[in-house]
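Protein chains: 2
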Amino acid sequence: MQKYQLPSDRFMRAVLIGTGRIAQVLGGTLHARGIKFIGVHGRNKARAVDFALRLESQAIDDLKSVPRYADLYLLAVSDDALAEVSAQLGAVDGLVVHMSGTVPADALASDHKRIGVLYPLQTFSEHRAVQLNEVPIFIQAQSPDDLAILHRLASLLSQTVIPTHDEIRKQLHLSAVFACNFVNALYDMSAGLLESHGLNFNLLHPLIRETALKATSMSPTLAQTGPARRADMKAIAKHLTMLENNPREKTVYNVITAYLLEKYHNITL
Amino acid sequence: MQKYQLPSDRFMRAVLIGTGRIAQVLGGTLHARGIKFIGVHGRNKARAVDFALRLESQAIDDLKSVPRYADLYLLAVSDDALAEVSAQLGAVDGLVVHMSGTVPADALASDHKRIGVLYPLQTFSEHRAVQLNEVPIFIQAQSPDDLAILHRLASLLSQTVIPTHDEIRKQLHLSAVFACNFVNALYDMSAGLLESHGLNFNLLHPLIRETALKATSMSPTLAQTGPARRADMKAIAKHLTMLENNPREKTVYNVITAYLLEKYHNITL
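These protein sequence lines are chains A and B, in that order. In this text, residue positions in the first sequence follow my numbering: the first is 25, and each later residue adds one. In this text, residue positions in the second sequence follow my numbering: the first is 25, and each later residue adds one.
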């Protein structure tokens, strides 16, 4: 992907709405790359004041008082809050952009003249710095000019910027739920099983890192190992017995084992 | 853990049985650290000849012809083959060691005088080099002297060597199935979902790496994100609709979502 720079003769004035995990990472990085934030709004006012200070900006208590002359309004709020926040922001000329994986672009209020989406395919948690430069950023807009603006903006964050549309973005998000949220849930189950036997989860850290590196350097299909991969029904039966007091984990064991046995051995349980 | 060295006045003579993934990695590393392999046996004879050459050793066609005077017999064969290979090896004075996560130590033949286990908690695939030095290695033996020998041997491979017993080793292996084999199965489902929409799995690589790094630097419980973590029932309903033609993936989606909703929101589906 080509690396765009914002033209030096243009100062983009942005408003950031939201002070959560994504707002912190994206806002902080865009500020560091020269985007001027003329206002920060957040439900939690103390937090908005702190964050505005970090961005050399000012906190704005009321959405109605957000400057009307910004070039860009970044809505980094939860999916559930998007429609309401967008409606309260009301009529603006600037480009209004949300960052959700699931919400259609046109869920933004109809009195925004120009709308778009900037979706970074990454997981963000409090107190964890994330390097964005390898993270794919998917962008949408309604006009080629706005798409070009978002392309330049996203290129300040990452070297991988990809125009997309609602349907593809939803599919990306769903796949990410499996590869990230559900994977982390399995780490959690694994940690719980270990800890119930007085064992520390950090014993699995090298395995977890290698599993991720292996699947991303060969394909997951080639990387697959374990009892179900080799149809070791004796080991599977032993594991199910060991999980008798962990019904949730046992159910997960059963359904993923069924998936693997069908895929690699055409065995249907 | 203290780092042992094999005493310089002692040359441990080892026999390696097996030419698979674990045999390749452990045999290769032990050879590089000075262990003398006086014989290599494998079902696949051509492969055993190649591998023996790499270890400056010789291939032995028949288990009955394996030297009787070795200090150590390393059985790096599949769980299912262990009992038979061990029986065919027969009476030896040296320490006979298997590397399985699930098989009890005493599944080795009773005509071995000294038995043990050396279990590296890692995933091994063909054509992938693995650094062992951070991998926990769990050891078992029947006498303190043999445990000390295995401790010195394992310390040639890793800085983390931990004496254990059958029950704990089984629990470690079960947890590893969740954190590695099942995690990889989720990567695989995720790749399948993407590819069915013409999207490349490598778009998820940064997310997968960050998810693994995050869970191993904070706890998986703190690292959890996603629709189920925030009880976003609308997003969950949309995802289930999108998975209507993927019944296996839909089942997995349901059971892991149920686990997360119960854990974080006390919601029982």
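Yeah, the Cβ is synthetic: ideal placement off N, Cα and C, and Gly gets one too.
| Asked | Found |
| --- | --- |
| Contacts around Ala38/A, its chain only, beta-carbon distance under 8 Å, and the 5 residues preceding and following it disregarded | Leu54, Ile59, Lys60, Phe61, Ile62, Ala94, Asp95, Leu96, Tyr97 and Leu98 |
| CA-to-CA distance, Phe225/B to Val49/B, given in whole angstroms | 28 Å |
| Through-space distance from Val276/B to Ile280/A, alpha-carbon basis | 7 Å |
| Meets three-Cβ-pair contact criterion under 8 Å: the region 209-221 of chain A and the region 155-168 of chain A | no |
| Closer than 9 Å to chain B by CB, Thr240/A | yes |
| Anticipated Cβ contact below 8 Å, Gln146/B with Leu231/A, distance rounded | 6 Å |
| DSSP-derived helix/strand/coil call for His151/B | coil |
| Asn157/B burial status per 10 Å Cβ neighbour count (16 or more: buried) | exposed |
| Rounded C-alpha distance that separates Leu87/A from Val64/A | 10 Å |
| The region 241-261 of chain B in contact with the region 99-117 of chain A per 3-pair CB rule at 8 Å | yes |
| Under the three-state DSSP convention, the category His189/A falls into | coil |
| Member of Arg57/A, Pro91/A and Gly52/A whose CA lies at the smallest distance from the CA of Leu77/A | Gly52/A |
| Proximal residues, the region 242-253 of chain B versus chain A, C-beta separation under 8 Å | Met242, Ser243, Pro244, Thr245, Leu246, Ala247, Gln248, Thr249, Gly250, Pro251, Ala252 and Arg253 |
| Beta-carbon spacing of Thr240/B, Arg67/A below 9 Å | no |
| Simplified DSSP assignment, three categories, for Arg67/B | coil |
| The alpha helix (DSSP H) enclosing His289/B, as first and last residue numbers | Pro271 to His289 |
| Stretch pair the region 191-207 of chain A + the region 108-119 of chain B: three plus CB contacts closer than 8 Å | no |
| Opposing strand residues paired with Ile41/B [DSSP bridges] | His65/B and Leu99/B |
| Straight-line gap, Lys287/A to Leu198/B (C-alpha atoms, nearest Å) | 21 Å |
| Beta carbon of Phe75/B nearer than 9 Å to that of Ala47/B | yes |
| Endpoints, the alpha helix (DSSP H) within which Ile163/B is located | Premise fails: Ile163/B lies in the beta strand (DSSP E), Ile161 to Ala165, not in any alpha helix (DSSP H). |
| Residues, ordered as in the chain, of the region 254-272 of chain B that lie near chain A by beta-carbon distance below 8 Å | Arg254, Asp256, Lys258, Ala259, Lys262, His263, Met266, Leu267 and Arg272 |
| Reduced DSSP category for Arg138/A - H, G, I as helix; E, B as strand; rest coil | strand |
| Distance between Val90/B and Asn290/A (C-alpha atoms, nearest Å) | 38 Å |
| For Asp169/A, three-class secondary structure by DSSP | helix |
| Anticipated Cβ contact below 8 Å, Pro251/A with Val201/B, distance rounded | 7 Å |
| Selected residue, minimal CA-CA separation from Ile186/A, among Thr249/A, Tyr143/A and Arg71/A | Tyr143/A |
| Burial state of Phe285/B, where buried means 16 or more other Cβ atoms lie within 10 Å | Inspection of the sequence shows that residue 285/B is occupied by Leu rather than by Phe. Leu285/B is buried by the Cβ-count criterion. |
| Assigned secondary structure, Pro244/B (DSSP; H/G/I helix, E/B strand, else coil) | helix |
| DSSP state of Met36/B mapped onto helix, strand, coil | coil |
| 8 Å contact criterion, which Val154/B and Phe148/B should meet: CB distance rounded | 6 Å |
| Any C-beta of chain A under 9 Å from that of Ala129/B | no |
| Residue range of the unbroken alpha helix (DSSP H) whose run includes Asp256/B | No alpha helix (DSSP H) contains Asp256/B, which DSSP labels as neither H nor E. |
| Coarse secondary structure for Pro144/A, derived from DSSP in three states | strand |
| Short Cβ contact (9 Å threshold) for His229/B with Met242/A | no |
| Cβ distance (whole Å) where Gly195/A is taken to contact Leu223/B below 8 Å | This sequence places Gln at residue 195/A; Gly is not what is there. Right, their Cβ atoms sit about 7 Å apart. |
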